[in-house]
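Novice:
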Amino acid sequence: MQSLVLQSFTTSSCIGLGVAQTLDSLSSSRSGLKRCNFETVDIDTYIGEIAGVDAAQLPAELSRFDCRNNRLAELALRQDGFLDAVSQSRARWGARRIGVFIGTSTSGILETEVAYRHRDPLTGALPVAFDYGATQNSFSIADYVRRRLKLEGPAMVVSCACASSAKVFGSARRMIEAGLIDAAVVGGVDSLCLTTLYGFHSLQLSSPAPCRPFDVARDGISIGEAAAFVLLEPPSDATAGDDVLVLGVGESSDAHHMSAPHPEGHGARRAMQSALAAAKLEPSSIDYINLHGTGTPSNDRSESLAVASVFGPTTPSSSTKGATGHTLGAAGALEAVICALALQNDFMPGGVNTLRLDPTLTTHYLTENRRTQVSRVLSNSFGFGGTNCSLVFGLAG
Amino acid sequence: MRLAAYVSGVGLLGPGLPDWETASDILRGGRDYTPANTVLHTPAILPAAERRRTGRAVKLALAVALEATTRAGVAPADLASVFSSSGGDGQNCHDLCEALARADREVSPTKFANSVHNAASGYWGIATAAMRESNALCAYDASFCAGLLEALSQVAVDTESILLVTYDTEYPEPLRSKRPIPDAFGAAMVLTPQRIATSLARIEATIEDLPADTMQDPQLEALRSSTPAARCLPLLRRIAMQEPGTIALEYLDDSSLVVSVAPCV
Numbered sequence: 008m009q010s011l012v013l014q015s016f017t018t019s020s021c022i023g024l025g026v027a028q029t030l031d032s033l034s035s036s037r038s039g040l041k042r043c044n045f046e047t048v049d050i051d052t053y054i055g056e057i058a059g060v061d062a063a064q065l066p067a068e069l070s071r072f073d074c075r076n077n078r079l080a081e082l083a084l085r086q087d088g089f090l091d092a093v094s095q096s097r098a099r100w101g102a103r104r105i106g107v108f109i110g111t112s113t114s115g116i117l118e119t120e121v122a123y124r125h126r127d128p129l130t131g132a133l134p135v136a137f138d139y140g141a142t143q144n145s146f147s148i149a150d151y152v153r154r155r156l157k158l159e160g161p162a163m164v165v166s167c168a169c170a171s172s173a174k175v176f177g178s179a180r181r182m183i184e185a186g187l188i189d190a191a192v193v194g195g196v197d198s199l200c201l202t203t204l205y206g207f208h209s210l211q212l213s214s215p216a217p218c219r220p221f222d223v224a225r226d227g228i229s230i231g232e233a234a235a236f237v238l239l240e241p242p243s244d245a246t247a248g249d250d251v252l253v254l255g256v257g258e259s260s261d262a263h264h265m266s267a268p269h270p271e272g273h274g275a276r277r278a279m280q281s282a283l284a285a286a287k288l289e290p291s292s293i294d295y296i297n298l299h300g301t302g303t304p305s306n307d308r309s310e311s312l313a314v315a316s317v318f319g320p321t322t323p324s325s326s327t328k329g330a331t332g333h334t335l336g337a338a339g340a341l342e343a344v345i346c347a348l349a350l351q352n353d354f355m356p357g358g359v360n361t362l363r364l365d366p367t368l369t370t371h372y373l374t375e376n377r378r379t380q381v382s383r384v385l386s387n388s389f390g391f392g393g394t395n396c397s398l399v400f401g402l403a404g
Numbered sequence: 004m005r006l007a008a009y010v011s012g013v014g015l016l017g018p019g020l021p022d023w024e025t026a027s028d029i030l031r032g033g034r035d036y037t038p039a040n041t042v043l044h045t046p047a048i049l050p051a052a053e054r055r056r057t058g059r060a061v062k063l064a065l066a067v068a069l070e071a072t073t074r075a076g077v078a079p080a081d082l083a084s085v086f087s088s089s090g091g092d093g094q095n096c097h098d099l100c101e102a103l104a105r106a107d108r109e110v111s112p113t114k115f116a117n118s119v120h121n122a123a124s125g126y127w128g129i130a131t132a133a134m135r136e137s138n139a140l141c142a143y144d145a146s147f148c149a150g151l152l153e154a155l156s157q158v159a160v161d162t163e164s165i166l167l168v169t170y171d172t173e174y175p176e177p178l179r180s181k182r183p184i185p186d187a188f189g190a191a192m193v194l195t196p197q198r199i200a201t202s203l204a205r206i207e208a209t210i211e212d213l214p215a216d217t218m219q220d221p222q223l224e225a226l227r228s229s230t231p232a233a234r235c236l237p238l239l240r241r242i243a244m245q246e247p248g249t250i251a252l253e254y255l256d257d258s259s260l261v262v263s264v265a266p267c268v
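Chain order of the listed sequences is A and Z.
Taking our numbering, the leading residue of the first sequence gets 8, the next gets one more, and so forth.
Taking our numbering, the leading residue of the second sequence gets 4, the next gets one more, and so forth.
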């Protein structure tokens, strides 16, 4: 595939608003997870909540989009000069020539969950003020972002569970290569809600402790929330050596089970191999793998087998979900930004919370940060429904 | 690069529209359209354990996907796929929200797993062993065109054959009042980069500032305008008529996806 440059990027999660705070937290191996006290939720688990989401204000003309998920998007869009970068891109290419492709799993469903508690006692009707299209519908987040950024190109939400915001890179590169658009804003936004907190709890997939990916005693995920945005453009003469490129996108399906990965990671292996093929790279040229690494016993085992089958046992890897929690539909974009930070700062983030590595997992898992040159990285995102996406990033120079 | 492909197999299921053969006859004016409740069947292609877990949206999407691939004569496992829906499974969403509004908040694990927007894609993979890339999209009322754009760009850039499935189901009250989709409607088409024996038409799309075409028949127009997935009807009508022409499909804001259709005769 034709590589694309990450012209601007930003992320906000429980380890920081913007890339400087995120990098600082990763550098000091700080986790943002805390005991769950979200809304009225009564579950013994840990969450990655972003402080200040509820206080974020949407521009008045977009007030109908007001919900926690779009507030999180607004908060994140204001970081790292992202709004200015998109303005420049809009001036260069034109609003019609920039697409908006955002991943989310639950969009603004929290609004509906709360509205169902406030139904009319006589008629059962939802509150008059509840706006389905601007909040609950999956497209709400992409619609909000395109209006906020004054972009008029093709727009959609990719909602493939926890691979959503990795897969948006694939849609963007196809539409840019097809000549339908010149640039794209891609990203992921998922905010805390009752559906995912109670849903993963019902499947016994959430841990009562902060999640410990690849630990021998790992027992589930910690749900987090995040927003991450990337402005993708074709490389140009202005592209510098320390700019980050997306070199390969690989997608596949497990065709196995709705809520459990293929036990040997066949789909995951296929996604990694196809991302490497798209990037025209051998496994040995990857310096670091940002694992999906959710911290459930079966996910980490399956991913470890898949990684070992492609890379062997030596490529350094880690999951950053011990720090951020599993941010579901935002995880792909969040971890893409973490990969960009690793490339630009010569740094591999060690997985936090993991104390005793599972000896049956053969992956070379880093539990401490490593300062070393990093030129090419791969990031994995897998989701319910057996959807898999791997991304390859590298420095331009 | 041209956003073009051959439509090589169609599946359709909706209110009073039991399959593509009947629907294409109605669309070309060969018989009258009589709306009736959409009849969904349990997908026999799924293993028994999975079959029990499926809701209306998955039954609908799998039925039209299977009809389209069968008519195209293409093995499902060889196809990448794009599933596009505005709301996915309305009943499942309602059931979860009701459970979360109750004091005990006991959520069905199956309903939670089925709540992902890519549920139909996941079950399709399980049913057909399709391990190629599969996407699940939403663009509210523009969901069909978003899916068509995604599929056409994949055909054009990667010269792959794609299964495009668009589907929507109704919400029960109280969400129905907020999003009044009347009944389940789905359509699927196999898009191939080259003409094959089963190809019905070559289509080519551009985005333009034009108003969307409507259906002449008032009942078919009611279906088109009330159900995001049924925004595909003007295109399917043109394919059914086997006449060349250009139609405008409702996309974002005031724009349309303008599709030229050339029958393979």
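Every residue, glycine too, gets a C-beta built ideally from N, C-alpha and C.
Please classify V135 (chain A): is it buried, with 16 or more other beta-carbons within 10 angstroms of its beta-carbon, or exposed?
Specialist: Stepping through the first sequence from its first residue, residue 135 (chain A) is reached at position 128. V135 (chain A) should be labelled exposed.
Novice: Drop a sphere of 10 angstroms on the beta-carbon of V42 (chain Z), count the other beta-carbons inside from all chains shown, and report buried for 16 or more, exposed for fewer.
Specialist: Position 39 of the second sequence, counted from the first residue, corresponds to residue 42 (chain Z). By the 10 Å Cβ count, V42 (chain Z) comes out exposed.
Novice: Return no unless some Cβ of chain A is closer than 8 Å to the Cβ of Q94 (chain Z).
Specialist: Along the second sequence, read from residue 1 onward, the residue named residue 94 (chain Z) stands at position 91. It does not: the Cβ of Q94 (chain Z) has no partner Cβ on chain A nearer than 8 Å.
Novice: My guess is that P38 (chain Z) and Q222 (chain Z) are in contact by the Cβ rule of under 8 Å, so how many angstroms apart are they, rounded?
Specialist: What you label residue 38 (chain Z) is simply residue 35 of the second sequence in a count that begins at 1. What you label residue 222 (chain Z) is simply residue 219 of the second sequence in a count that begins at 1. P38 (chain Z) to Q222 (chain Z), Cβ: 6 Å. Contact.
Novice: Contact criterion: CB-CB distance below 8 Å. Does Y269 (chain Z) meet it with respect to chain A?
Specialist: As displayed, chain Z neither begins before 4 nor continues past 268, which places residue 269 (chain Z) out of reach and without an answer.
Novice: May I ask you to report which of helix, strand or coil DSSP gives I22 (chain A)?
Specialist: Counting from 1 along the first sequence, the entry for residue 22 (chain A) is found at position 15. Correct three-state label for I22 (chain A): coil.
Novice: Based on the DSSP output, what are the partners of V283 (chain Z) in its beta bridges?
Specialist: This structure leaves residue 283 (chain Z) out entirely; chain Z is present only between 4 and 268.
Novice: Quick one: which chain Z residues come within Cβ less than 8 Å of N144 (chain A)?
Specialist: Position 137 of the first sequence, counted from the first residue, corresponds to residue 144 (chain A). In chain order: S89, G90, C141, Y143, R182.
Novice: Could you tell me whether any Cβ in chain Z is nearer than 8 Å to the Cβ of L82 (chain A)?
Specialist: Within the first sequence, residue 82 (chain A) is the residue found at index 75, counting from 1. Chain Z, which has no Cβ nearer than 8 Å to the Cβ of L82 (chain A), makes this no.
Novice: List, in order along the chain, the chain Z residues whose C-beta lies closer than 9 Å to that of D261 (chain A)?
Specialist: For the purposes of this step, residue 261 (chain A) is taken as residue 254 along the first sequence, with counting starting at 1. Under the 9 Å cutoff, chain Z gives G125, G128, I129, M134.
Novice: Kindly indicate which three-state DSSP category S112 (chain A) falls into: helix, strand or coil?
Specialist: Start at 1 with the first residue of the first sequence, and residue 112 (chain A) comes out as number 105. Three-state DSSP puts S112 (chain A) in coil, outside helix and strand.
Novice: If the cut-off is 9 Å on Cβ atoms, which residues from the segment 99-123 of chain Z count as contacting chain A, listed in chain order?
Specialist: If the cut-off is 9 Å between Cβ atoms, the segment 99-123 of chain Z has L99, C100, E101, A102, L103, A104, R108, E109, V110, S111, P112, T113, K114, F115, A116, N117, S118, V119, H120, N121, A122, A123 near chain A.
Novice: Between the segment 211-226 of chain A and the segment 160-180 of chain A, are three or more C-beta pairs nearer than 8 Å?
Specialist: The answer is no - the segment 160-180 of chain A does not touch the segment 211-226 of chain A, with fewer than three Cβ pairs under 8 Å.
Novice: Please name the residue or residues paired with S405 (chain A) in a DSSP beta bridge.
Specialist: The structure shown does not extend to residue 405 (chain A), since chain A spans only 8 to 404, so no value can be given for it.
Novice: Which residues in the same chain as T45 (chain Z) place their Cβ atom closer than 6 Å to its Cβ, once the five residues preceding and following it in sequence are excluded?
Specialist: By 1-based counting over the second sequence, the position of residue 45 (chain Z) is 42. Around T45 (chain Z): R54.
Novice: Can you tell me whether F45 (chain A) is helix, strand or coil according to DSSP?
Specialist: The residue given as residue 45 (chain A) occupies position 38 in the first sequence. Three-state DSSP puts F45 (chain A) in coil, outside helix and strand.
Novice: Could you tell me whether the Cβ atoms of T18 (chain A) and L385 (chain A) are closer together than 8 Å?
Specialist: Here the question's residue 18 (chain A) lines up with position 11 in the first sequence. Here the question's residue 385 (chain A) lines up with position 378 in the first sequence. No; because the gap between Cβ atoms is not below 8 Å, this pair is not in contact.
Novice: Would you kindly work out how many angstroms separate the C-alpha atoms of L57 (chain Z) and C96 (chain Z), rounded to a whole number?
Specialist: As a first step, residue 57 (chain Z) is located in the second sequence; it is residue number 54 there, counting from the start. As a first step, residue 96 (chain Z) is located in the second sequence; it is residue number 93 there, counting from the start. The sequence given here places Thr at residue 57 (chain Z); Leu does not occur at that position. Going by the C-alpha atoms only, they are around 13 Å apart.
Novice: When DSSP builds the beta bridges, which residues end up paired with V256 (chain A)?
Specialist: Here residue 256 (chain A) refers to the residue found at position 249 when the first sequence is read from its first residue. BP columns for V256 (chain A) point to A:L398.
Novice: Can you grab the Cα-Cα spacing for the pair R383 (chain A) / D73 (chain A), in whole Å?
Specialist: Residue 383 (chain A) sits at position 376 when you count from the first residue of the first sequence. Residue 73 (chain A) sits at position 66 when you count from the first residue of the first sequence. Cα to Cα, R383 (chain A) sits roughly 39 Å from D73 (chain A).
Novice: Let me confirm a value: R308 (chain A) is counted as buried when at least 16 other C-beta atoms fall within 10 Å, else exposed. Which label applies?
Specialist: As a first step, residue 308 (chain A) is located in the first sequence; it is residue number 301 there, counting from the start. Under this definition R308 (chain A) is a buried residue.
Novice: Please decide whether T160 (chain Z) counts as near chain A, where near means a Cβ-Cβ distance under 8 Å.
Specialist: Position 157 of the second sequence, counting from 1, holds the residue named residue 160 (chain Z). Before going further, note that residue 160 (chain Z) is Val rather than Thr in the sequence given. Taking Cβ atoms only, chain A reaches closer than 8 Å to V160 (chain Z), which makes this a yes.
Novice: Nearest by alpha-carbon distance to G19 (chain Z): which of Z:M4, Z:N117, Z:D35 is it?
Specialist: Sequence index remark: in the second sequence, residue 19 (chain Z) carries index 16 (1-based). Comparing Cα positions, the closest option is Z:D35.
Novice: What first and last residue would you give for the alpha helix (DSSP H) that runs through E136 (chain Z)?
Specialist: What you label residue 136 (chain Z) is simply residue 133 of the second sequence in a count that begins at 1. Where E136 (chain Z) is concerned, there is no enclosing alpha helix (DSSP H), given that its DSSP letter is neither H nor E.
Novice: If we ignore side chains and look at the alpha-carbon of each, how far apart do S316 (chain A) and A286 (chain A) end up?
Specialist: Sequence index remark: in the first sequence, residue 316 (chain A) carries index 309 (1-based). Sequence index remark: in the first sequence, residue 286 (chain A) carries index 279 (1-based). About 19 Å.
Novice: Let me see if you follow: with CB-CB separation under 8 Å, is P177 (chain Z) close to chain A or not?
Specialist: Translated into the one-based positions of the second sequence, residue 177 (chain Z) becomes position 174. Chain A, which has a Cβ nearer than 8 Å to the Cβ of P177 (chain Z), makes this yes.
Novice: What are the residues of the segment 162-185 of chain A that lie near chain Z, defined by any Cβ-Cβ distance shorter than 7 Å?
Specialist: Here the close residues are A162, M163, V164, V165, S166, C167, A168, K174, S178, R181, M182, E184, A185.
Novice: Starting from the beta carbon of G140 (chain A), find every residue of chain Z whose beta carbon is closer than 8 Å, and list them in chain order.
Specialist: Looking up residue 140 (chain A) in the first sequence gives position 133. Y143, R182, listed in chain order.
Novice: Name the one or two DSSP bridge partners that D222 (chain A) has.
Specialist: Stepping through the first sequence from its first residue, residue 222 (chain A) is reached at position 215. A:L364.
Novice: Between which two residues does the beta strand (DSSP E) harbouring R34 (chain Z) extend?
Specialist: By one-based count along the second sequence, residue 34 (chain Z) stands at place 31. R34 (chain Z) -> no beta strand (DSSP E), and no H or E assigned at all.
Novice: Check whether the Cβ atoms of G336 (chain A) and S172 (chain A) sit closer than 8 Å, and answer yes or no.
Specialist: Stepping through the first sequence from its first residue, residue 336 (chain A) is reached at position 329. Stepping through the first sequence from its first residue, residue 172 (chain A) is reached at position 165. In contact: G336 (chain A) and S172 (chain A) (Cβ atoms closer than 8 Å).
Novice: Flag L65 (chain Z) as yes if its beta-carbon sits less than 8 Å from any beta-carbon of chain A, otherwise no.
Specialist: Looking up residue 65 (chain Z) in the second sequence gives position 62. Taking Cβ atoms only, chain A never reaches closer than 8 Å to L65 (chain Z), which makes this a no.
Novice: Can you check whether the CB of G390 (chain A) is closer than 8 Å to the CB of S260 (chain A)?
Specialist: As a position in the first sequence, residue 260 (chain A) is number 253, starting the count at 1. As a position in the first sequence, residue 390 (chain A) is number 383, starting the count at 1. No, they are not a contact pair.
Novice: If you pair each beta-carbon of the segment 191-203 of chain Z with each one of the segment 71-82 of chain Z, do three or more pairs fall below 8 Å?
Specialist: Short answer: they touch.
Novice: List, from N- to C-terminal side, the alpha helix (DSSP H) runs of 4 residues or more that fit wholly inside the segment 241-293 of chain A.
Specialist: Runs found: 273-286.
Novice: Are G17 (chain Z) and A187 (chain Z) touching if we call contact CB-CB under 8 Å?
Specialist: Looking up residue 17 (chain Z) in the second sequence gives position 14. Looking up residue 187 (chain Z) in the second sequence gives position 184. The answer is yes: Cβ separation under 8 Å.
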